[in-house]
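J.: Below you will find the structure I want to go over with you.
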Amino acid sequence: AQTVTQSQPEMSVQEAETVTLSCTYDTSESDYYLFWYKQPPSRQMILVIRQEAYKQQNATENRFSVNFQKAAKSFSLKISDSQLGDAAMYFCAYRGHLYNFNKFYFGSGTKLNVKP
Amino acid sequence: DAGVIQSPRHEVTEMGQEVTLRCKPISGHNSLFWYRQTMMRGLELLIYFNNNVPIDDSGMPEDRFSAKMPNASFSTLKIQPSEPRDSAVYFCASGNSSYNSPLHFGNGTRLTVT
Chain V
3 AQTVTQSQPE
13 MSVQEAETVT
23 LSCTYDTSES
33 DYYLFWYKQP
43 PSRQMILVIR
53 QEAYKQQNAT
63 ENRFSVNFQK
73 AAKSFSLKIS
83 DSQLGDAAMY
93 FCAYRGHLYN
103 FNKFYFGSGT
113 KLNVKP
Chain U
1138 DAGVIQSPRH
1148 EVTEMGQEVT
1158 LRCKPISGHN
1168 SLFWYRQTMM
1178 RGLELLIYFN
1188 NNVPIDDSGM
1198 PEDRFSAKMP
1208 NASFSTLKIQ
1218 PSEPRDSAVY
1228 FCASGNSSYN
1238 SPLHFGNGTR
1248 LTVT
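Encoded structure:
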């Protein structure tokens, strides 16, 4: 079964600085999708960014970008110019293309603190 | 687009009582998922439906848990009888079968069983 690992339970960043959250996954598939979700204290799950495995170009959404390394099965999230509103839990998620393609596998999450 | 709608937002009940959580997915989505979130276990997939049919219920913890999707616009998750260890936030999420489609989550139901 696919697994998603977020090895950093908690991280802190100074406001306006850059932080990178790590995510690794295990799969035997060659095509799949990866997602980052944000869960603020309101508990709403918000899609931040997504990446298709076949695309070599790293996805970018404003201050959020990913570093996708397919061979290493690594999918890290970089937040630039961190803002207080970025404080939240961040979850990495995997969705396969062939096997159980409707299933999303989530990591255990990283709690991001933003210091003013 | 109203998003995924869950009700109630909070539920407090006594052990042994029946609890029913409700979900209305986004119109046009054909997949629906129920997740449970706790501090100890994180996000757990309980069950998911495709075109109203349960596909994988291997995450349902016990026979006390049941889920239905009578039509494309409504699903329920029922716990009978409830126990204190069922206390958690329960999320409903919907999406479509395209593998590049993300999940859209509801705001969750916080269940407290005393």
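These protein sequence lines map, in sequence, to chains V and U. Sequential numbering of the first sequence, starting at 3, is according to our numbering. Sequential numbering of the second sequence, starting at 1138, is according to our numbering. Every residue, glycine too, gets a C-beta built ideally from N, C-alpha and C.
What does S1144/U pair with, by DSSP beta-bridge criteria?
T.: Reading the second sequence from its first residue, position 7 is the one you call residue 1144/U. S1144/U is bridged to R1159/U.
J.: So, does the region 1147-1157 of chain U touch the region 1197-1210 of chain U, judging by three or more C-beta pairs under 8 Å?
T.: In short, these stretches do not touch, since the Cβ pair count stays below three.
J.: Assuming S82/V and R65/V form a contact by the criterion Cβ under 8 Å, report the distance between their Cβ atoms to the nearest whole angstrom.
T.: For this step, residue 82/V is matched to residue 80 along the first sequence. For this step, residue 65/V is matched to residue 63 along the first sequence. Right, the Cβ-Cβ distance comes to about 5 Å (below 8 Å), so this counts as a contact.
J.: Please tell me whether S24/V has its Cβ less than 8 Å away from any Cβ of chain U.
T.: The sequence position of residue 24/V within the first sequence is 22, counting from 1. Not closer than 8 Å to any Cβ of chain U, the Cβ of S24/V fails to qualify, so no.
J.: Which chain V residues sit within Cβ distance under 7 Å of P1239/U?
T.: Within the second sequence, numbered from 1, the residue matching residue 1239/U stands at position 102. What P1239/U touches in chain V: F37, L49, R52.
J.: When the Cα atoms are used, what is the spatial distance from C1160/U to F77/V?
T.: Translated into the one-based positions of the second sequence, residue 1160/U becomes position 23. Translated into the one-based positions of the first sequence, residue 77/V becomes position 75. Between C1160/U and F77/V, the C-alpha separation is close to 31 Å.
J.: Chain V partners of G1179/U, CB-CB under 9 Å?
T.: Counting from one through the second sequence, the residue named residue 1179/U turns up at place 42. Going along chain V in sequence order, the residues near G1179/U (Cβ under 9 Å) are F93, F108, G109, S110, G111.
J.: How long is the line joining the alpha carbons of R1146/U and D1200/U, rounded to whole angstroms?
T.: Taking the first residue of the second sequence as position 1, residue 1146/U is located at position 9. Taking the first residue of the second sequence as position 1, residue 1200/U is located at position 63. Straight-line Cα distance between these residues: approximately 24 Å.
J.: So, with DSSP's three-state summary, where would you put P1191/U?
T.: Position 54 of the second sequence, counting from 1, holds the residue named residue 1191/U. The answer is strand: DSSP assigns P1191/U an E or B state.
J.: Relative to chain V, which residues along the region 1226-1237 of chain U have a C-beta separation below 9 Å, given in chain order?
T.: Taking 9 Å as the Cβ-Cβ cut-off against chain V, the residues of the region 1226-1237 of chain U that qualify are V1226, F1228, A1230, G1232, S1234, Y1236, N1237.
J.: Within 10 Å of its beta-carbon, does I48/V have 16 or more other beta-carbons around it, so buried, or fewer, so exposed?
T.: The sequence position of residue 48/V within the first sequence is 46, counting from 1. It is exposed - the Cβ of I48/V has fewer than 16 other Cβ atoms within 10 Å.
J.: Can you tell me whether DSSP reads K109/V as helix, strand or coil?
T.: Residue mapping note: residue 109/V aligns to position 107 of the first sequence, counting from 1. Per the sequence shown, residue 109/V should be read as Gly rather than Lys. The answer is coil: DSSP assigns G109/V none of H, G, I, E or B.
J.: Compute the Euclidean distance between the alpha carbons of P1239/U and L1158/U, then round it to the nearest angstrom.
T.: Looking up residue 1239/U in the second sequence gives position 102. Looking up residue 1158/U in the second sequence gives position 21. Taking the straight line joining both Cα atoms gives about 23 Å.
J.: Alpha carbon to alpha carbon, how far is G1214/U from E12/V?
T.: Numbered from its first residue, the second sequence carries residue 1214/U at position 77. Numbered from its first residue, the first sequence carries residue 12/V at position 10. One point to set straight first is that residue 1214/U is Leu, not Gly, in the sequence displayed. Rounded to the nearest angstrom, the two C-alpha atoms are 32 Å apart.
J.: Is there a Cβ from chain U that is less than 8 Å from the Cβ of Q72/V?
T.: Working through the first sequence from its first residue, we reach residue 72/V at position 70. Checking the sequence shown, residue 72/V turns out to be Lys, not Gln. Chain U contact via Cβ: absent.
J.: Thinking C-alpha only, which one of L86/V, T29/V, T5/V, G109/V is nearest Q115/V?
T.: The residue given as residue 115/V occupies position 113 in the first sequence. A small fix is needed here, since residue 115/V is Asn in this sequence, not Gln. Of the listed residues, the one whose Cα sits closest to N115/V is L86/V.
J.: Does Q58/V come within less than 8 Å of chain U when only Cβ atoms are used?
T.: Position 56 of the first sequence, counted from the start, is the residue given in the question as residue 58/V. No - not a single Cβ of chain U is within 8 Å of the one on Q58/V.
J.: Does the region 52-71 of chain V come into contact with the region 31-39 of chain V, if we say contact requires no fewer than three beta-carbon pairs (one atom in each stretch) closer than 8 Å?
T.: Yes, since at least three Cβ pairs between the region 52-71 of chain V and the region 31-39 of chain V fall closer than 8 Å, the two stretches touch.
J.: To the nearest angstrom, how far is it from the Cα of P1198/U to the Cα of V1226/U?
T.: Stepping through the second sequence from its first residue, residue 1198/U is reached at position 61. Stepping through the second sequence from its first residue, residue 1226/U is reached at position 89. Their backbone Cα atoms lie some 15 Å apart in a straight line.
J.: At a Cβ threshold of 8 Å, is F1242/U touching chain V?
T.: The count along the second sequence starts at 1 and reaches residue 1242/U at position 105. Closer than 8 Å to some Cβ of chain V, the Cβ of F1242/U qualifies, so yes.
J.: What does a CB cutoff of less than 6 Å around S1203/U pick up in its chain, not counting 5 residues either side in sequence?
T.: Here residue 1203/U corresponds to residue number 66 of the second sequence, with the count starting at 1. Here the set comprises K1215.
J.: Could you name the residues of chain V that L1214/U contacts, counting a contact when the two beta carbons are closer than 9 Å?
T.: Counting from 1 along the second sequence, the entry for residue 1214/U is found at position 77. What L1214/U touches in chain V: nothing, since even the nearest Cβ is about 17 Å away.
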